[in-house]
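Visitor: Chains as they are written, first to last, in our numbering: chain C, 1 to 172; chain W, 1001 to 1100; chain X, 2001 to 2456; chain B, 3001 to 3380.
We treat Cβ as the ideally placed atom computed from N, Cα and C, and that holds for glycine.
Since we're looking at a predicted model, the values are computed, not measured.
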Amino acid sequence: MLDQVIFYLFSAVAVAGAILTVTRRNVVHSAIFLITALLATAGIFLQLRAEFLFIVQIILYVGGIMVLFVFVIMLVNLDVAVRQLRFARQKWVALLISLALAAQVGLMLWSTGKMPGQGVPVLSAVPADKLPPNSEEVAKSLFSSYLLPFEIASVLLLVAMIGAVVMAKRRA
Amino acid sequence: MLPIGHYLFLGLALFIIGVIGVVTRRNVIVILMSIELILNAVNINLVAFSRLYGDVAGQVFALFIIADAAAEAAVGLGIIIAFFRNRETVLEDEMDLLKW
Amino acid sequence: MQAVTQVTTEFVKQYWAPLLCGFAIVAILPLIVGYVVLVERKIMADMQARLGPMRVGPHGLLQPIADAVKLLIKEDIIPEDADKLVFWLAPVLSVGAALLAMAGLAIGPAFQIAKDINIGILFVVGVSALGIFGIVLGGWASNSHYSLIGALRSSAQLVSYETAAGMALVSGLLFAGTLNVTSIVQAQYDQGIWFGLLAPVAFFTYLVASIAETNRAPFDLPEAESELVAGYMTEFSGFRWSLYFLAEYTNMIVVASVATTLFLGGWLRPFPRTHWLDFLDFLPMVLMTGIGIYGLLRVPKQPARVQQLFMLAVAGMCFAAAFVLAAPVLIPFFKSSLIAAVKPYHDGILGGFWFIFKVSLYIYFFMWLRFTLPRYRFDQLMRLGWHFLIPLSIINVLVIGVAMILGSHFHLEGWQLLLTTIPASVLALIIALFILNAEQKSEPQRASGDASDTYA
Amino acid sequence: MATDTTKDAREKQKTLLGADELVLNMGPQHPSTHGVLRVKLKLDGERVIGSECMIGYLHRGVEKIAEHRTYQQFAPYVDRMDYVAAVSNGLGYCEAIEKLLMVEAPPRAKVIRTILTELQRIASHLLWLGTHALDIGALTPLFYCFREREEILKIFEKYCGARLTTHAFRIGGLQYEAYDTLEKDVERFCKAFESRITDYEELLTQNRIWLGRTKGVGILKAAEAIALGATGPVLRASGVKWDIRKAMPYAAYDQYKFEIPVGTTGDTYDRYLVRMEEMRQSRLICLQAIENIPSGPIMAKVGKVLKPPPGEVYHAIEAPKGELGYYVISDGTVQPYRVRIRPPSFVNLQAFDKMARGHLVADVVAIIGTLDIVLGEVDR
């Protein structure tokens, strides 16, 4: 019961935050609502007993990436951004894409009620508490089975770092 | 934990909102933020399935996605700064030159 | 409706103790912060050959309350061109993050709100880092150039020093092998040595980085009063301003607590396993009694009745604490039910005493630096961070890891580990200094630096 | 679309991210503009690309007032120009009028004037040191400096009853005889001051942060300093050995031995060192002076009503902040025809833009501090 309430609370906040992110005229407000949405997502991770991801979401996503966003928003001239139209065009395209997506997933779930392939009843599958809520587990798996992806990710970050520096560096 | 469907629908909702944001907004920064939303939607699904199957692989992949998001944000914002410096705009439909 | 009540009661039933502690922290912390400020002013006065606040209460002891009342009844001014929503939100964010971080801290072996979360110290660090949004958004929302520059400085500073602080924490955590706050302290007890001694370079790095993170002098550039008036807080006044103030000092307590937990042995007394130092366990008791007696002696000298009562209350609290601390000593002599009743609290209070003592020392060090050193310039600050502290902390993680492997290879434990970690730390320091030197040689022309580059 | 706007954009590339340059209005209400100086800074990020000093917020028309007061009546007004060095202002004015009257103060008066003026120099430099350190972020030196300054102000108070705007001297000499323990007081202060000044140096001189904040900041080369007419410590720190006390001795300075400290690079750190050394030298002058105060009258023979012969005179002294000059024209009446004052702060402030360009906002504060301006004197 408590679990459910927490889930609904967080997901409501997440969805509301997401909608406001996309619709706000002021970019800083957008960023604030995105932060709200991300924090709510972190809450859902916690509700899923993924504690490590919860804190990574807060430290990296909210504390790192979003700070970067806010920083850049302040650097670029905001007044220009505020004045213009929110939604450029492609309203219909957007509607179409989202409807199609929703229909696709909905249809899939509706028609089968099962996960494709494995036959788990999707809408009602409640897992037993198999997963120990443990950051050690994540770490072990990260450094054993997924060592190569981990290294690749770090190379990716390095590349991104260099790229960002080169991009942002003023041409003297 | 709730039935997995709840999480899937939450993920779907965030994903669609993100897509709408990417397609309709003009401001590149907001577009980037919408992409973050999409990535988050995926993360929710991954973590939910990880819990469903009792396998941490999903969480590990969510971690990779977060790392990827960081990289993407850094480069994306770097491009925005470089672009803004040259063209004084952050609007996507004014980015109409391949070279400047 | 019924469901809501049910959920609420279920929630309260399950979590009443942490909830109570949470309320207690939110209620008491402003008071504590007020007194930290008073102590800071007194220390500052002492270092500057003057008396500091003396008027309100005995030796100005009631000054914080007077200040709080003043701040609360001040007019609440919002600049006309400010972004009202964000202006309202920013201080709340700042203080909320700081207070939330307190939840993960363990003050003494028994007192911790969020018990046994396995991300422990990471939670504290991560959540307290959210406070930066309060600063950045507050600076942006004020719509003032000073505020904006302060906000930009702040975000750049925090992002860069967080890296160094995080890496320093990693070196400490390598010894602990866990993120859980209680287990970290337990690990130090098992080793019989504080991790601050095992990893001095990490401790030093964290010390510097934590000063920068809490925006304290000599790194207080975001609010540098002689340059930016008050930085991001320029447009804030009254209650909102006091929220920022509360957040700043709470953050100080948080970083001091993290350092205490990880590097200074938490609630353990110095040298926890060295038995000939056991008498240190009685030190708090004696100290408390001493302060109580001093307070009693001072009572007749107070000019006003309120001040006398206040002094009596302070003395009474000291005696109560001393009594609890003395419980295990008294038990063999007196068979009183009262003593038996307070005995369970003994460990908690003893641990709490050492913890608070160490936190106070750490904060005292902050204040000491603030009154002694001039302020860094922004580019110098960035250079110190990126060219020295971050390389140093990263190298330190590497060499500490090597030192630990060497240590386990030779079956070193506790104090013996110093054999490997001390040379490792020296090595890290040398390499970092070498890097710094090389940097300076390669860029002799950049004497005045380039601040806007560091922004980008 | 915007190929035509790209050109503008390119021109703006020099500024932060191509956005408009940030104009930061510093003052007149700002913690570190030392009063009511207003500086308009054009910033690129935090880098200063241009600056404009806007003065006049404290203008009281002192020079005009002089034309409607008798010579004696105007003397207290000059105290209110550089109000942290009132004694020096008074000395300059009195000596200028004495020159106009062609009288000379008696030797005893001259020596006492010298002692008080040198004490005032120390007090002024102490105030500068305290506020300068505060601007750069060191809180504590301010209180130590004020502690010492307090001693000096007490001596002033004992001598003439006022602490800040003293009006200590009269045209033709002194009004008050030195009080009994003046020599002892000054000696005690000077003895104690030696170790105190070492304390300040320990706090700052070798401090890495202090070095970082002051070395290479606000460099003024010797030629530039001369071209701008800078005087006092600002000029000497640039390496020009020019001190009116030596060059054109007045009061009793020709009797005493002292050094003129000069700097080499002309940066903020050099100005700091020069002023510190000047305090030491002033202390030495005071010690020499109290050893032998001649006896005799303290007032030259000037009438109750001063009517200088028609003519004009320029007299300059080395005030703590630089050359303080009085140009007085007399038309033979009891009131001066014109008084023109050359205030050192005003002239030194001209160097601000040159010194601040290319530095950061934080350095601007240091540079204002190192110029040691007093707005009462700049605006008059």
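Output needed in chain order: residues of the region 2365-2380 of chain X with a Cβ under 9 Å from some Cβ in chain B.
Guide: 2370, 2371, 2372, 2373, 2374, 2375, 2376, 2377, 2378, 2379 and 2380
Visitor: Do residue 3172(B) and residue 3302(B) have their C-beta atoms closer together than 9 Å?
Guide: With a cutoff of 9 Å on beta-carbon distance, residue 3172(B) and residue 3302(B) are scored as near each other.
Visitor: In chain B, which residues lie with their C-beta within 7 Å of the C-beta of residue 2048(X)?
Guide: 3140 and 3143
Visitor: Taking 9 Å as the CB-CB cut-off, is residue 73(C) touching chain W?
Guide: At least one CB atom of chain W sits nearer than 9 Å to the CB of residue 73(C).
Visitor: If we define contact as Cβ-Cβ less than 9 Å, is residue 2083(X) a contact residue for chain C?
Guide: yes
Visitor: Can you tell me whether residue 2437(X) is buried or exposed, with buried defined as 16 or more other CB within 10 angstroms of its CB?
Guide: The residue in question, residue 2437(X), is exposed, as its Cβ has fewer than 16 Cβ neighbours within 10 Å.
Visitor: Please identify, using Cβ separations under 7 Å, the residues of the region 3022-3048 of chain B that lie next to chain X, in order along the chain.
Guide: So the close ones are 3022, 3024, 3030, 3031, 3032, 3044, 3045, 3046 and 3047.
Visitor: List the whole-angstrom C-beta distance separating residue 2176(X) from residue 2195(X), where the pair is believed to meet the contact cut-off of C-beta under 8 Å.
Guide: 7 Å
Visitor: From the beta carbon of residue 13(C), is the nearest beta carbon of chain W less than 9 Å away?
Guide: no
Visitor: Would you list the one or two residues that DSSP bridges to residue 3257(B)?
Guide: Looking at the DSSP assignment, residue 3257(B) forms no beta bridge with any residue, so it has no partner.
Visitor: Tell me, which residues are paired with residue 3341(B) by DSSP?
Guide: 3326(B)
Visitor: What did DSSP end up calling residue 82(C) once you bin it into helix, strand or coil?
Guide: Below a pLDDT of 50, predicted positions are generally treated as unreliable, and residue 82(C), at 49, falls in that range; no measurement from the model is reported.
Visitor: So which of 2427(X), 2389(X), 2217(X) and 2235(X) has the shortest CA-CA distance to residue 2373(X)?
Guide: 2217(X)
Visitor: Along the chain, where does the beta strand (DSSP E) containing residue 3216(B) start, and where does it finish?
Guide: Here residue 3216(B) belongs to no beta strand (DSSP E), and DSSP marks it neither H nor E.
Visitor: Is the number of C-beta pairs between the region 3296-3316 of chain B and the region 3041-3058 of chain B that are closer than 8 Å three or more?
Guide: no
Visitor: Can you tell which of 3205(B), 3274(B), 3255(B) and 3167(B) has its C-alpha closest to the C-alpha of residue 3088(B)?
Guide: 3167(B)
Visitor: Give a yes or no on whether the minimum CB-CB distance between residue 81(C) and chain X is below 9 Å.
Guide: Annotation note: pLDDT 46 at residue 81(C) (below 50); position unreliable, coordinate value reported separately. No, no contact with chain X.
Visitor: CA-CA distance, residue 2350(X) and residue 2267(X)?
Guide: 8 Å
Visitor: Chain W partners of residue 161(C), CB-CB under 7 Å?
Guide: Within 7 Å Cβ-Cβ: 1074.
Visitor: Tell me, please, whether the CB atom of residue 2495(X) is closer than 9 Å to any CB atom in chain B?
Guide: Nothing can be reported for residue 2495(X): it is not among the residues displayed for chain X, which extend from 2001 to 2456.
Visitor: Which chain C residues sit within Cβ distance under 9 Å of residue 1040(W)?
Guide: 14, 18, 37, 38, 41, 57 and 61
Visitor: Hey, quick one: how far does the alpha helix (DSSP H) through residue 2458(X) stretch, first residue to last?
Guide: Residue 2458(X) is absent from the structure shown; chain X starts at 2001 and stops at 2456.
Visitor: Could you check whether the Cβ of residue 3360(B) sits closer than 9 Å to any Cβ belonging to chain X?
Guide: yes
Visitor: Chain B beta carbons: is any one of them nearer than 9 Å to that of residue 2228(X)?
Guide: yes
Visitor: Taking C-alpha atoms, which residue in 3161(B), 3242(B) and 3124(B) lies nearest to residue 3232(B)?
Guide: 3242(B)
Visitor: Of the residues 1053(W), 1046(W), 1042(W) and 1076(W), which one's Cα is nearest the Cα of residue 1014(W)?
Guide: Put simply, of 1053(W), 1046(W), 1042(W) and 1076(W) the residue whose alpha carbon is nearest the alpha carbon of residue 1014(W) is 1042(W).
Visitor: Let me know if residue 3128(B) comes out buried or exposed under the rule of 16 or more other beta-carbons within 10 Å of its beta-carbon.
Guide: buried
Visitor: Is residue 2276(X) buried or exposed, if buried means 16 or more other CB atoms sit within 10 Å of its CB?
Guide: exposed
Visitor: To the nearest angstrom, report how far apart residue 2179(X) and residue 2244(X) are at their CA atoms.
Guide: Their Cα atoms are separated by approximately 29 Å.
Visitor: Listing by chain order, which chain X residues have their CB less than 8 Å from the CB of residue 2(C)?
Guide: 2007, 2010, 2011 and 2014
Visitor: Since residue 3252(B) contacts residue 3111(B) with CB under 8 Å, what's their CB separation in whole angstroms?
Guide: Contact flag correct, Cβ pair sits at about 5 Å.
Visitor: With the cut-off set at 9 Å, would you say residue 2395(X) and residue 2428(X) are in Cβ contact?
Guide: yes
Visitor: Applying the 10 Å Cβ sphere with the 16-neighbour rule, what's the burial state of residue 92(C)?
Guide: exposed
Visitor: Looking at the secondary structure, which residues open and close the alpha helix (DSSP H) in which residue 3244(B) lies?
Guide: 3244-3247
Visitor: Please check if any C-beta of chain X sits within less than 9 Å of the C-beta of residue 3242(B).
Guide: no
Visitor: Against chain C, which members of the region 2153-2164 of chain X pass a CB distance test of less than 9 Å?
Guide: 2155, 2156, 2158, 2159 and 2162
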